[in-house]
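Student: Reminder that position 153 of the sequence shown reads as 165 in the numbering used here, one-by-one numbering, no gaps. The beta carbon of each residue, even a glycine, is placed where N, CA and C say it ideally should be. Here it is: the structure, laid out below.
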Amino acid sequence: MSLGLYGGSFDPPHRGHVELARRAKDELGIERLLILVAADPGHKRVETPAGTRLRLAEAAFPDDEVILDEHARTVETLRAHPEWTDPIFLIGADEFSDFLTWQEPEEVLRLTRIAVATRPGFPRERLDAVLEQLAQPERVQFFEIDPIPVSSRVLRARLAMGDDVSAELPPAVAALAVSAGLYAPEHGYTGAV
């Protein structure tokens, strides 16, 4: 059974995240997808509590297993789970462009295959520049997704202003965000769902 891993802060998970996961399953034949919600992402500051982001991810990915990843780095997560046999780690093209800055990128590539979601218009030379520096470029594959112009950062700002973001969020995520007043201090947001 092919295992896919899709990690992130998911603050909040949006339609772009869901589309990437759906397309990866279809294109790569992933039979089991684990959604790894980063409890404390090492690369960025996240104010929304991990438990809240976990609930949002469960709402966004109801057909997949969603777990809280307590490790700050991908390589730590992969080392902690030797039972994951040759998983496929899903990332976007922007993240792959920065792959060489990750902690132990060659070890990450030894422990998992990487599937990079590309979109029309993304500069292929940025991806090729990374591939050229890898010892095992054959462990990287690409699949194309339709661009969905949405950003979690922008969605948080719009939610804080009380904007309707239901077109950008899966319905269950939108319902949770609105009912809990997520990202909107004037609604008494406490960080818990």
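Does L167 pass the burial test, meaning 16 or more other C-beta atoms within 10 Å, or should it be called exposed?
Tutor: The sequence position of residue 167 within the sequence shown is 155, counting from 1. With 16 or more other Cβ atoms within 10 Å, it is buried.
Student: Can you tell me whether L112 is buried or exposed, with buried defined as 16 or more other CB within 10 angstroms of its CB?
Tutor: Sequence index remark: in the sequence shown, residue 112 carries index 100 (1-based). With fewer than 16 other Cβ atoms within 10 Å, it is exposed.
Student: E77: which of R136, V49 and V162 sits nearest, CA to CA?
Tutor: For the purposes of this step, residue 77 is taken as the residue at position 65 of the sequence shown. The residue with the shortest Cα to Cα distance from E77 is V49.
Student: Specify the secondary structure class of T86 as computed by DSSP and reduced to three states.
Tutor: Along the sequence shown, one-based indexing puts residue 86 at 74. Three-state DSSP puts T86 in a helix.
Student: When you compare only the Cα positions, how much space is there between D81 and R136?
Tutor: Here residue 81 refers to the residue found at position 69 of the sequence shown. Here residue 136 refers to the residue found at position 124 of the sequence shown. Near 31 Å, if we compare the C-alpha coordinates of R136 and D81.
Student: If the criterion is Cβ atoms closer than 7 Å, does the pair A127 and L90 meet it?
Tutor: Within the sequence shown, numbered from 1, the residue matching residue 127 stands at position 115. Within the sequence shown, numbered from 1, the residue matching residue 90 stands at position 78. No; because the gap between Cβ atoms is not below 7 Å, this pair is not in contact.
Student: Whose CA, out of R165, I100 and E59, lies closest to the CA of E150?
Tutor: As a first step, residue 150 must be located in the sequence shown, where it is residue number 138. Closest by alpha carbon: I100.
Student: State buried or exposed for G41, treating a residue as buried only when at least 16 other CB atoms are found within 10 Å of its CB.
Tutor: Along the sequence shown, read from residue 1 onward, the residue named residue 41 stands at position 29. Exposed, since its Cβ has fewer than 16 Cβ neighbours within 10 Å.
Student: Along the chain, where does the beta strand (DSSP E) that runs through V152 open and close?
Tutor: Sequence index remark: in the sequence shown, residue 152 carries index 140 (1-based). V152 to E156 is the span of the beta strand (DSSP E), which, as asked, contains V152.
Student: Under 7 Å between the Cβ atoms of A172 and A196?
Tutor: Along the sequence shown, one-based indexing puts residue 172 at 160. Along the sequence shown, one-based indexing puts residue 196 at 184. Yes, these two residues count as a Cβ contact at 7 Å.
Student: Let's see if you can read the secondary structure: which residues bound the beta strand (DSSP E) around E70?
Tutor: As a position in the sequence shown, residue 70 is number 58, starting the count at 1. It is not in any beta strand (DSSP E) - E70 instead sits in the alpha helix (DSSP H) that spans A62 to A72.
Student: Would you mind sorting P117 into buried or exposed? The rule is 16 or more other CB atoms within 10 Å of its CB.
Tutor: As a first step, residue 117 is located in the sequence shown; it is residue number 105 there, counting from the start. Buried.
Student: Would you kindly work out how many angstroms separate the C-alpha atoms of A189 and G28, rounded to a whole number?
Tutor: Indexing the sequence shown from 1 puts residue 189 at position 177. Indexing the sequence shown from 1 puts residue 28 at position 16. For A189 and G28, the distance between alpha carbons rounds to 17 Å.
Student: What are the residues that DSSP puts in a beta bridge with L48?
Tutor: Position 36 of the sequence shown, counted from the first residue, corresponds to residue 48. For L48, which the question treats as bridged, DSSP gives the partners G19 and I79.
Student: Can you tell me which of the three DSSP states T130 falls into?
Tutor: Locating residue 130 in the sequence shown gives position 118, counting from the first residue. Note: T130 maps to strand in three-state DSSP.
Student: Look up G193 in the DSSP assignment and say whether it is helix, strand or coil.
Tutor: Within the sequence shown, the letter at position 181 stands for residue 193. G193 falls in the coil class under three-state DSSP.
Student: Mind checking who G104 pairs with in its DSSP beta bridge?
Tutor: Start at 1 with the first residue of the sequence shown, and residue 104 comes out as number 92. Paired residue(s): A129.
Student: Nearest CA to the CA of G133: which residue from T124, Q145, L121 and D106?
Tutor: As a working mapping, residue 133 is identified with position 121 in the sequence shown. It is D106 whose Cα lies nearest to the Cα of G133.
Student: Between which two residues does the alpha helix (DSSP H) harbouring S164 extend?
Tutor: Along the sequence shown, one-based indexing puts residue 164 at 152. Its alpha helix (DSSP H) spans residues S164 to A172.
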